[in-house]
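In numbering that gives the first Met the number 0, the protein residues as written are 0 to 130.
Before any comments, here is the structure.
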Amino acid sequence: MSTGLLYEACPPAALGGHAGVLYAGIVEHQSGFPQASEALSALARAYELAEQAVKDEPDAHRAFELATEVTEAARQITMRLGQLRALQAARIRDQESLSLGALAERIRVSKTRAVQILEIAAKAREDIDHG
Numbered sequence: 000m001s002t003g004l005l006y007e008a009c010p011p012a013a014l015g016g017h018a019g020v021l022y023a024g025i026v027e028h029q030s031g032f033p034q035a036s037e038a039l040s041a042l043a044r045a046y047e048l049a050e051q052a053v054k055d056e057p058d059a060h061r062a063f064e065l066a067t068e069v070t071e072a073a074r075q076i077t078m079r080l081g082q083l084r085a086l087q088a089a090r091i092r093d094q095e096s097l098s099l100g101a102l103a104e105r106i107r108v109s110k111t112r113a114v115q116i117l118e119i120a121a122k123a124r125e126d127i128d129h130g
């Protein structure tokens, strides 16, 4: 598989060694979740499109503004995915009737992080209910 524009434009060193994780191996890395393959590929393609749009903008200020706009959209998506993840953690807790400690162990996080995740889930549920 080609490593794509992210890897070429931002080698691993430029992204703290994470470019391969962020793009080149994203789909293969998630091979245990074939249903996620299409979504992961779409995310990688969205990055390629955004990167190319920024590179193609001849005006540096406009390119910066475009990159800022795309960054904000990605931040919103990341936030919503975090909420979705948190809701699934709460779902695990509820379906399996787990204590906080058991949930933390089940999802492989600390108890402190499990509390934070459940708080995110509660806020997401509240937002959904008051839509």
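Note that beta-carbon positions come from the ideal geometry of N, C-alpha and C, so glycine has one too.
Item                                                                                                                       : Value
Alpha helix (DSSP H) segments (min. 4 residues) lying fully within the stretch 46-118                                      : 59-95 and 99-105
GLU95 CB to nearest heavy atom of the ligand FAD below 8 Å                                                                 : Absent from the structure shown: the ligand FAD. Ligands present: none.
For ALA123 and ALA35, the rounded distance between their alpha carbons                                                     : 22 Å
Cut-off 8 Å between Cβ atoms - residues of its own chain near ALA120, not counting five sequence neighbours on either side : GLN82, ALA85, LEU86, ALA88 and ALA89
Straight-line gap, PRO33 to ALA41 (C-alpha atoms, nearest Å)                                                               : 14 Å
Whether ALA52 touches LEU39 by CB criterion (9 Å)                                                                          : no
Option nearest ALA103 by Cα separation, candidates VAL114, GLU95, LEU80 and HIS129                                         : VAL114
Expected contact under 8 Å - CB spacing of ARG79 and ILE91 to nearest Å                                                    : About 19 Å separates the two Cβ atoms, so there is no contact after all.
Own chain residues within Cβ distance below 8 Å of GLU56, not counting five before or after                                : ALA62 and LEU65
Alpha-carbon to alpha-carbon, GLU71 and ILE127                                                                             : 22 Å
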